[in-house]
Amino acid sequence: MKSETKLFENGKRLDGRMPDELRKIKIKAGVLHRAEGSCYLEWGGNKVMVAVYGPREAIPRHTQNPLRAIVTARYNMAAFSVDDRKRPGPDRRSREISKVISEALENVILVEKFPRATIDVNIEVLDAEAGTRCAGLTAAAVALVDAGIPMKDIPVACAAGKIEDQIVLDLGKDEDNYGSADLPIAISPRTGNILLLQMDGHLTQEEFDKAFDLALKGCYIISDLQKQAILEKYQTKIGVE
Amino acid sequence: MKSETKLFENGKRLDGRMPDELRKIKIKAGVLHRAEGSCYLEWGGNKVMVAVYGPREAIPRHTQNPLRAIVTARYNMAAFSVDDRKRPGPDRRSREISKVISEALENVILVEKFPRATIDVNIEVLDAEAGTRCAGLTAAAVALVDAGIPMKDIPVACAAGKIEDQIVLDLGKDEDNYGSADLPIAISPRTGNILLLQMDGHLTQEEFDKAFDLALKGCYIISDLQKQAILEKYQTKIGVE
Amino acid sequence: MKSETKLFENGKRLDGRMPDELRKIKIKAGVLHRAEGSCYLEWGGNKVMVAVYGPREAIPRHTQNPLRAIVTARYNMAAFSVDDRKRPGPDRRSREISKVISEALENVILVEKFPRATIDVNIEVLDAEAGTRCAGLTAAAVALVDAGIPMKDIPVACAAGKIEDQIVLDLGKDEDNYGSADLPIAISPRTGNILLLQMDGHLTQEEFDKAFDLALKGCYIISDLQKQAILEKYQTKIGVE
Amino acid sequence: MTIIPAIKKDYLINLAKNGKREDGRGFDDFRNIEIETGVVSKAEGSARVKIGNTQVLSGIKMDIGEPYPDTPETGVMTTAAELIPLASPDFEAGPPREDAIELARVVDRGIRESQLIEVEKLCIEPEEKVWMVFIDIHILDYDGNLFDAASLASLAALMTTNVPAKRFELGDDYPLPIKEPPISCTSVKFDNVVVMDPSLDEEEIAEVRLTVATDKNEDIRAMQKGLNGSFTRDEIKKVIKASIDNGKKIREQLYKSIGK
Amino acid sequence: MTIIPAIKKDYLINLAKNGKREDGRGFDDFRNIEIETGVVSKAEGSARVKIGNTQVLSGIKMDIGEPYPDTPETGVMTTAAELIPLASPDFEAGPPREDAIELARVVDRGIRESQLIEVEKLCIEPEEKVWMVFIDIHILDYDGNLFDAASLASLAALMTTNVPAKRFELGDDYPLPIKEPPISCTSVKFDNVVVMDPSLDEEEIAEVRLTVATDKNEDIRAMQKGLNGSFTRDEIKKVIKASIDNGKKIREQLYKSIGK
Amino acid sequence: MTIIPAIKKDYLINLAKNGKREDGRGFDDFRNIEIETGVVSKAEGSARVKIGNTQVLSGIKMDIGEPYPDTPETGVMTTAAELIPLASPDFEAGPPREDAIELARVVDRGIRESQLIEVEKLCIEPEEKVWMVFIDIHILDYDGNLFDAASLASLAALMTTNVPAKRFELGDDYPLPIKEPPISCTSVKFDNVVVMDPSLDEEEIAEVRLTVATDKNEDIRAMQKGLNGSFTRDEIKKVIKASIDNGKKIREQLYKSIGK
């Protein structure tokens, strides 16, 4: 993360956003036929599709937990989702992201209700800009609700970061490349508890607090968009729309 | 498949064959000690060895079908069977060929007689010219008979193709490279039912019919060679020869 | 193995050793906390760490032998243990060495006492000069004793070889590269039975006998060092030291 | 694949005996087809195709690489298909299985053997640099007939692909040179009935499958038989005929959808 | 990981309620740390770190290779971690699992993002030849808190690494150019108690984990939350504070151990 | 491998006590050997060897590649063995197992360490281009003693290999430069009896195995002990003696079969 490119002009960011402004987000629940729950999300240039299957018996058996369901998020980038074609299949980065998203989702799902089961959350990144892990987790939460999986809360994720010594919300592509810190978080909005937290770069303690506050703010805005998408699906279903 | 090389001279093909003439075919049943059934086949420049094992319990258990045997053909090319050394192990081409051959054989084997079992058909291409899938399937059928596997019929395969706008039987090496269509089929000779059918290239409907007829004709000729090979093995066994 | 470099000067070897002299060997038993038995061994420039786990139930079940324990030695070279970084993970060489060491250890362990069990012997080469298989086996034997695994004897390994037409004990790095034969053996010192034997290079029958005698001699010297290391560990434990 | 209850099988067969299909179609009819191009901005070309509930996304990436030694002046194309677990409760993560390999190879051959892409125009520097075309097929929703959906999505994606010359400092971008596309149509047979464009339910009871790709001259460009059942010669003739008829309609829709 | 008997869990929680830990430490205290460098002669740099009974060996190998096209003048570093079966009855041989991947990636990011290695000084010939730094982490004995042990061993190994210029006929060897290291400190929470530098027993009952890397200016250089529990904002603040405090002491010991 | 019934084991041991073997051979005798060369036309060299019912095919392919940096003027050879499921009900498809790896490595070392191939004559352009020799061993029928069959087939294949210079436009083809071959002979021990050239039944009850390769001067060129049993020093001496004796006969047959 180096600061060579000019990332601000007249107080605005390269894509015209204010420092505390999110990229455009569009969420649609229940977009797939086969999946038990699904969500399509566009977040700036990111396009993410999520399908949820389960709870169903975990196979092979030795992966079962006799006391609760296991939650297996699988974050995958399509080969054509990035500038230089990505080889199909999981790499170290996607396996790490799958792990932290699985852990965050497991926190809110009532896993004790489904011993020996698995809940599979398949996250496909079709178009990738910066912030796919937040986009993926946010869409996964909506798909889980769509699948009727009982949860304590609907988790939501958002990042803040630092560019040219300024703390900003939701880094875009160039900002991610040339910025000097990125702080993605996921929370349970009801409690404010932190479910996911990673930080790369360089932040003073003060800057960290500021970035954290901004990311939190973003989370709550997006949380409303999630609820709206779920409502829309529900209304369509019962013919209200 | 491009037509740059001259593939006909004085109405004859590069290797001196007439358009409706097969390459030389030699079939020998029962050539291996360990296998329950085996067959060695030479077809033009192709050399193929097949060994059959089973029916025996399918392992691991979750691959078993409680109602019938599964038929697993494994088509494999020896590293030294082609001009440029082939890396050992299955590639996408060999896995597809294994699949279509397995499906064709399954059609004639009385799989219902052997629930939970597997019948393994190992096809090794030792020397490869054009037409190894037809050679492999044809040899596999003989090896299955040699193994005493109960079958409705002895399947047989042959290809026809198009070179320099002419429909010919059983493409040879250069014809395969420079021809403009290849149509391998496998049939059950008793019923004429089609068990395998693939086509690459460009054929008018008329040409397709002509090529199909020619391939059928080839199948019946080869079917006789199969039966002869089985008879020879049987006669040798009972000391008639 | 070519003889281009001068490997002797004034009757002494490049590292100052006499023809029948071993490199410096240091053995320490019980150096790890988690392992049930462990050993750290330095042998010339070789540094080897061994940890033993088991006997414990072999998993998955189909690997179990209902009549006896299986012994699984796993010889592994650290990526940084050689001049040019080695890719992590087993290669063909390490898998062959794992096999011959497993077989040698199995000979002396009372495997009949532990049906269905596995005894895992993890051998990590941290620094590699010539002779890591002998070093690994020798350290593994000490770690097995440290783990309290019942054995008929404590096996020990040593190599002899030929450099510039002379038979010498325990080839060092350059000697291994430029020598003309290497003969590693492992024995059960009580009976003199041969548990491991490999030979590469070129030896007349006479030279073979001489090299074998020399390697045997080395084995018995190292056997004493093994026993000493075990004693030291035991004395430390009961507070004698 | 999933096990369909015997009761459902009987139901479908009974319907078929009365000349009907579960969703009201005629034996030779496709489900409704939707084609949308330009759906992935990072890809050089992309298309999402729906056939009924089946949904496939094909994305094209291009790069510069070395040609094969025996074809030093022609571009390189590769096709990969992933039956990602997103699309069906029966798809598993991991290396591609036989089904995905057959799918990719059939789509690949359909494009390669028909010489759809004019690969001889993709040479930059003989023996050194040629354009490489990567076709990646993502199954998003699996409700039967992946072969035709994957093939159609790949055609639509290729026909709207721009060669990213600018990104590699090789002048302006330009459309990927493409010839007339062959259209793939798949039929299955069960209980002696042959139906076009099988739904998932129909696929699950199918005994044998036949894919036929035909061009605008009604010539045959590729065929692939699948499953362990068999066809009679007569059935094959009928399937070819129905494939030509449906191919015509689909070709029209394809051209319309890409604005040509 | 291994299953800790419920009775031991209760014991640890009860201890914690009384402000105590199994081995007598305070909640914010590390176990005893030992750092030894130059332990592998074949490696360009190496260090063995013990934190309590946990023991990690990190070895550095260097080679010459091609730079990435988008950074033609900077060296390349890669980090690999192996949870070899030597270190624990629960580690298995085979390709790295999620745990090892996360470990390697967290250590890698800690070094990469903090720009510890001055990779821009590792260029030999732009676009052609740069130094490649391979960090290989070997876990020898696993008794909890691999993150900090692996990170510290890698720092100590890198800070004592000599660039093997002579071996490649590029002049004399010289020390690998290194900046100020960030120190990684890991805490876990169980039953609403947060403890620093968890032992294996504590890790086995931990609900959530937080690793914080801080530099000598008390700035934050990396964070990674793990496990399926959650933290409150307040807990995170306290963890950061404790990480800065411990980081200071560990940094001093690190410098001392490498003779600076 | 397969489980041999205890009754058969007793039978073989009883036979051995009376100085006999199942097939009437003496303890030191090989089964009948057949050697046929030139069996694969696509290969640069090939041979099929039968030892009793055991049947092995070895094929040689040659290509041009880069030499290893530390031996810039010598050709490269690699040996691979596949225990393909064709050859035995107990062989499985998939990556090579320990048995196949040991087989390939023993054959490889037998050829490499004896400097059978004059690799220093396989340089085309120092540091740039050398001949690469690929030895691929296919087991066709497994009835015991793969080591000797695989080794003998590879020798016969190499000794009849033509360097395909013409295909690479490097002049006329010429015979691969080869030195005197060492002959590999394998013995096993069970119940204190040592027998040469074990059949499959004998292998299945064997406690320990020894392979000895000797040359025409009766020197030892390679040895490999296998299995978890042990040998006495005296037994090893006897095995070496019997290996030299059998080696002589096999060498004669080998030369005859290749027409020299």
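Residue numbers (this note's numbering), protein chains in the order written: chain A, 1 to 241; chain B, 242 to 482; chain C, 483 to 723; chain D, 724 to 983; chain E, 984 to 1243; chain F, 1244 to 1503. A virtual CB, placed ideally from N, CA and C, is assigned to each residue, including glycine. On a predicted model such as this, the values are computed, not experimentally measured, just so you know.
Asked	Found
When 1149(E), 1106(E) and 1060(E) are compared against residue 1157(E), the one with the closest alpha-carbon	1149(E)
Where the beta strand (DSSP E) containing residue 395(B) begins and where it ends	It is not in any beta strand (DSSP E) - residue 395(B) carries neither H nor E in the DSSP assignment.
Sequence ranges, beta strand (DSSP E) only - wholly within the stretch 261–330 of chain B, length at least 3	266–270, 278–284, 287–298 and 311–318
Backbone CA spacing between residue 415(B) and residue 372(B) [nearest angstrom]	12 Å
Presumed contact (8 Å Cβ cut-off) between residue 559(C) and residue 584(C), rounded CB distance	Contact doesn't hold; Cβ gap of about 17 Å is too wide.
Short CB-CB distance (under 7 Å) between residue 184(A) and chain D	no
Straight-line Cα distance separating residue 139(A) from residue 552(C)	49 Å
Exposure label - residue 339(B); buried when at least 16 CB within 10 Å	buried
DSSP state of residue 197(A) mapped onto helix, strand, coil	strand
Residue 860(D) and residue 804(D) closer than 7 Å at C-beta	yes
Members of the stretch 868–884 of chain D near chain B, C-beta cut-off 7 Å	none
Under 7 Å by beta carbon: chain H residues contacting residue 1344(F)	Among the protein chains of the structure shown, namely A, B, C, D, E and F, there is no chain H.
Rounded Cβ spacing between residue 288(B) and residue 368(B) (contact assumed at less than 8 Å)	4 Å
Three-state secondary structure assigned by DSSP to residue 643(C)	strand
Proximity test, Cβ basis, 7 Å: residue 682(C) and chain F	yes
Neighbour list for residue 1203(E) in chain A, Cβ cutoff strictly below 7 Å	199, 203, 205 and 208
Chain B within 7 Å of residue 1325(F), Cβ atoms only	yes
Coarse secondary structure for residue 604(C), derived from DSSP in three states	strand
Continuous beta strand (DSSP E) stretch holding residue 169(A): start and end	166–169
Delimiting residues of the alpha helix (DSSP H) encompassing residue 459(B)	446–478
Buried or exposed (CB count within 10 angstroms, at least 16 for buried), residue 18(A)	exposed
CB contact flag (residue 777(D), residue 866(D), <7 Å)	yes
Residue 728(D), buried or exposed, once every other Cβ within 10 Å from all chains shown has been counted against 16	exposed
Per DSSP, the bridge partner or partners of residue 1207(E)	198(A) and 1194(E)
The stretch 140–152 of chain A contacting the stretch 160–171 of chain A, beta-carbon criterion three pairs below 8 Å	no
Beta-carbon neighbours of residue 515(C), restricted to chain E and to distances below 7 Å	1036, 1124 and 1126
CA nearest to the CA of residue 544(C), picked from 718(C), 638(C), 711(C) and 600(C)	600(C)
Within 7 Å, strictly: CB atoms of residue 1202(E) and residue 204(A)	yes
Close Cβ partners of residue 427(B) (< 6 Å) along its chain, the five nearest in sequence each way excluded	345, 378, 396, 398, 436 and 437
Span separating the alpha-carbon of residue 747(D) from that of residue 234(A)	28 Å
Where residue 86(A) falls, given that 16 or more other Cβ within 10 Å makes a residue buried	buried
Residue 20(A) vs residue 231(A) beta-carbon contact at 7 Å	no
Rounded separation between residue 1043(E) and residue 1377(F) - CA only	35 Å
Interface residues of chain F facing residue 588(C) [CB-CB closer than 8 Å]	1471
Contact set for residue 275(B): own chain, Cβ-Cβ below 8 Å, skip 5 residues either direction	292
Contact under 7 Å by Cβ, residue 1356(F) with residue 700(C)	no
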